[in-house]
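Let me begin by presenting the structure, written as structure tokens, before commenting on it.
In the numbering used here, the protein residues as written are 35 to 204.
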């Protein structure tokens, strides 16, 4: 199950969904977009994109925290794994294929994720912020959240964040 909370960011949501639909969705059981509060613009984006994949479902909730919206979605999710994306994330076309391979080669994994890299088309400010946050001076031991690691490795919570995180639903 892919879970995307959103509120009042329709253009970012559109880009996120478009990038998601460019992936191989063979093993995806559902795409749950949680509209966190009254947001007609998000509903319009979802209506526009909805014809491209029948697995796209909407959960509308009263305004709450991002964590609350994720928890609501995970309680309704049917997949063995839940892959959390933020609505401003643009994923490369091979992310879900790579995720599937990692989960297959490490069946005991409970959590898999990261990083949150700055996209190539980001503004100068965003690129500067990404550079700082991926440095030892910007985030110290947590810089892997933005920079990533040289190779696959076991990490603790300092290297993971919810904008790009896959967890075993149970």
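Beta carbons are placed, not taken as given, at the ideal position from N, Cα and C, and that holds for glycine.
Start and end residues, beta strand (DSSP E) containing residue i
| i | result |
| --- | --- |
| residue 38 | 36-40 |
| residue 147 | 145-147 |
| residue 150 | Unbroken run through residue 150: none, as it is neither H nor E. |
| residue 70 | 65-70 |
| residue 119 | 115-119 |
Where the alpha helix (DSSP H) through residue i begins and ends
| i | result |
| --- | --- |
| residue 102 | 100-110 |
| residue 137 | 129-139 |
| residue 167 | 158-167 |
Three-state class that DSSP yields for residue i in the structure shown
| i | result |
| --- | --- |
| residue 175 | helix |
| residue 198 | strand |
| residue 54 | helix |
| residue 92 | strand |
| residue 125 | coil |
Cβ neighbour criterion (16 or more within 10 Å) applied to residue i
| i | result |
| --- | --- |
| residue 168 | buried |
| residue 104 | buried |
| residue 35 | buried |
Any contact of the region 44-64 with the region 118-125, i.e. 3+ C-beta pairs under 8 Å? yes
Indicate whether the contact test is met: 3 or more Cβ pairs, each with one atom in the region 129-145 and one in the region 70-77, closer than 8 Å. no
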